[in-house]
Each structure stands twice: as C-alpha cells, then as structure tokens.
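S.K.: Pasting in a structure now, in structure tokens, and then I'll have a few things to ask.
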Amino acid sequence: MAYVSQVSESNGPFVRFMHMHPQTVELILITEGDGEYFIGDRIYPVRKGDLVIYNSQVVHDEYLESGRPIGTICCGINNISCPGLRENALIPDDIVPVIPLYHHYATVEKLMSSVFTVINQHAVEGPAMAQLLTQVVLKYIEGNVLLRTGNDAIQRHENLLDSIKSYIDRNFYEPIRLDTLATKFNVSPYYVSHEFKRRYGYSPMDYLIKRRLGEAQSLLTTDEGGREKITSIAYRVGFSNLSHFQNYFKNKVGKTPG
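To convert, note that position 194 of the sequence shown is 189 in the numbering used here; the numbers rise steadily by one, no gaps.
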C-alpha cells in the first residue's frame, strides 16, 4: 500500500487538479455526495456508493466547475499484477472506471475505513496490518465487484444522457438553457455539454435549435401553418426573438422561412 486518505463532505470541496500516478493504482470510494470526475478522456458522474478505479498512468481530475463537496476514502496501491492486464492496472483501460457497488458498498466501506483507521493510529504494527487489510480489499473487489466490468455504470451514464435528450424533445418550445439542464439533472454544465455531444453528435443547445427548426419546418408545410404568421410560428416552437429565428433558419436550411 502506498497511502490512504479520507475526505468528508463537511470539509468542503477538496481541490485536486488533473494529475496521474506513474506506478500507483487508486481506489476511490464515494461515501458522500455526487458530482463528476474527469478520467482519461471522459467525464463520468459519480455518487455515493460508487467505486472509482484509477489505473496507473491514467490522467484524472476530481475537481470540476460545480465545486460540490464529495466525501471519499482513497487507497493508493503499488505493485499490482493482474493476469491479462498491464502492470499496475486493476481493470482494462477501455472499460468504465466508475462502478456502482450496490449491496457490496457497506463491506467495502468498512474495509477501506479500517485501513485508514489502522494507519492513523500510528501503532508499530500499523503499516503491516494496513497492508494485510488492503490485500483483503483487493481480493473482495476482484471477487465480488469487478465481475460486472462496469456494465452497470455504462448503462447509468447512457440512461442519464437519454433522459436529457427526452426532456429537450418534450419541452423544446420552453426556454431551456444549459444551466437549467444541469440543475435539473444534477450534473455540471460541462458534463451536459461535452457528454451529450459525444453521444449524439450535437451539443444540447445545437440539438435544441435543430429540434425547434424541424418543428417550424413541419408547421410551415401544413395548410394550418401556411396560414400562420412567421412570428407566431417562431414563438410557438420556442424562439423568443424573430430575428434569431430567421437567422438560424436561413443558416441551417439555406433560405428564409417566409
């Protein structure tokens, strides 16, 4: 074991900017709160009950713009060797590193808390006991948690993005901003913007505009819409400014709506 630390939600945000560990694997247990972590080249939502695994040499950042405090227990471990994986890697580098523990949370929390307690008692036998407890933590995680290989976390991540898209589809005519989406779904604007675009190919605001323009096109091609004023259609599909509607329409469609 290289180190162990504990951060409480009551301590306020723990600022630890983007970094990596050349030879150390980190286990991060989320014990309080929720937020997002940047890991590798992705942003992942995390919440109480999740285990986050940082393989060695993987860049990560536990502090994003939301600044929401998150309680954690962290164990840094060296000299990990798993069959079929590179040195100091606990999981394949291409799977989701955020794993919901579900009913295993209580056991993992107790074990990792014990490691922290033993080290901080400063007893002579403390390091040896902590090393043994760390091995128990690893064996438990390998035997009970990693069998799912992160599939549950993948599904949760995709379900969240699908929910954001469905909300836009149902409410495109309402005033929607990036910060309102972030607040509603309890994630940061950065997460909404980047992960939505990664999944669907458009930023949330671009998708919203295209959704409104598509509805406007549908209205303009119907008999009812053909008799409706352009201003009325613009407001009906969610634009609060006629000139903005006309500019977006011409830019995306190639001609004016009138």
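C-beta atoms are modelled at their ideal positions from N, C-alpha and C, and glycine is treated no differently. These numbers were taken from a predicted model, which means no experiment stands behind them.
For ILE23, which residues of its own chain have a beta-carbon under 6 Å away from its beta-carbon, when the five flanking residues on both sides are left out?
M.R.: On the sequence shown, position 28 is the one that residue 23 refers to. Counting only Cβ-Cβ distances below 6 Å, and skipping sequence neighbours, we find VAL47, THR67 and CYS69.
S.K.: Look up THR217 in the DSSP assignment and say whether it is helix, strand or coil.
M.R.: Working through the sequence shown from its first residue, we reach residue 217 at position 222. The answer is coil: DSSP assigns THR217 none of H, G, I, E or B.
S.K.: Could you check what DSSP says for LEU237 in three-state terms: helix, strand or coil?
M.R.: Counted from its first residue, the sequence shown places residue 237 at position 242. Of the three classes helix, strand and coil, the one that applies to LEU237 here is helix, per DSSP.
S.K.: Beta-carbon separation of GLU27 and PRO40 under 8 Å?
M.R.: Mapped onto the sequence shown, residue 27 falls at position 32. Mapped onto the sequence shown, residue 40 falls at position 45. No; because the gap between Cβ atoms is not below 8 Å, this pair is not in contact.
S.K.: VAL110 and ALA123: beta carbons closer than 8 Å?
M.R.: Within the sequence shown, the letter at position 115 stands for residue 110. Within the sequence shown, the letter at position 128 stands for residue 123. No, Cβ-Cβ distance for VAL110 and ALA123 is not below 8 Å.
S.K.: Return yes when the Cβ of ILE38 is within less than 8 Å of the Cβ of ILE65, no when it is not.
M.R.: Position 70 of the sequence shown, counted from the first residue, corresponds to residue 65. Position 43 of the sequence shown, counted from the first residue, corresponds to residue 38. Against a cut-off of 8 Å, the Cβ pair of ILE38 and ILE65 comes out as no contact.
S.K.: Note the first and the last residue of the continuous alpha helix (DSSP H) segment covering GLU312.
M.R.: For residue 312 there is no data in the structure shown, the boundaries of the chain being -4 and 253.
S.K.: Starting from ASN139, trace the alpha helix (DSSP H) both ways and give me its first and last residue.
M.R.: Here residue 139 corresponds to residue number 144 of the sequence shown, with the count starting at 1. Counting along the chain, the alpha helix (DSSP H) containing ASN139 begins and ends at 121 to 139.
S.K.: By Cβ distance, which residues of its chain are closer than 6 Å to VAL113, with the 5 residues on each side in sequence left out?
M.R.: Numbered from 1 along the sequence shown, position 118 holds the residue referred to as residue 113. Taken in chain order, the residues that qualify are GLY121, MET124 and ALA125.
S.K.: With a threshold of 8 Å between beta-carbons, can LEU215 be considered close to chain B, or not?
M.R.: Any reference to chain B falls outside this structure, which holds one protein chain only.
S.K.: Do you know how far the Cα of HIS16 is from the Cα of LEU133?
M.R.: Along the sequence shown, read from residue 1 onward, the residue named residue 133 stands at position 138. Along the sequence shown, read from residue 1 onward, the residue named residue 16 stands at position 21. If I take the Cα positions, the gap works out to 18 Å.
S.K.: In terms of residue numbering, what span does the beta strand (DSSP E) encompassing TYR24 cover?
M.R.: The count along the sequence shown starts at 1 and reaches residue 24 at position 29. Residue 24 is actually Leu in this sequence, not Tyr. Taken as a continuous stretch (DSSP letters only), the beta strand (DSSP E) holding LEU24 covers 19 to 27.
S.K.: Restricting to Cα atoms, I'd like to know which of SER188, PHE244 and TYR185 is closest to SER213.
M.R.: Numbered from 1 along the sequence shown, position 218 holds the residue referred to as residue 213. Comparing Cα-Cα distances from SER213 to each of SER188, PHE244 and TYR185, the minimum goes to PHE244.
S.K.: For GLU153, which option in VAL91, LEU96 and HIS55 has the closest C-alpha, if you only look at C-alpha atoms?
M.R.: Reading the sequence shown from its first residue, position 158 is the one you call residue 153. Looking at the Cα atoms, VAL91 is the closest of the given residues.
S.K.: Using DSSP with H/G/I as helix, E/B as strand and the rest coil, what is ARG275?
M.R.: Only positions -4 to 253 of the chain appear in this structure, which leaves residue 275 out of reach.
S.K.: Cβ atoms of ASP45 and PRO95: under 8 Å apart, would you say?
M.R.: In the sequence shown, counting from the first residue as 1, residue 95 sits at position 100. In the sequence shown, counting from the first residue as 1, residue 45 sits at position 50. Cβ distance < 8 Å, so PRO95 and ASP45 count as in contact.
S.K.: Assign ILE68 to one of three DSSP states: helix, strand, or coil.
M.R.: Locating residue 68 in the sequence shown gives position 73, where the first residue counts as 1. Strand.
S.K.: Around the Cβ of ARG206, are there at least 16 other Cβ atoms within 10 angstroms (buried) or fewer (exposed)?
M.R.: Position 211 of the sequence shown, counted from the start, is the residue given in the question as residue 206. By the 10 Å Cβ count, ARG206 comes out buried.
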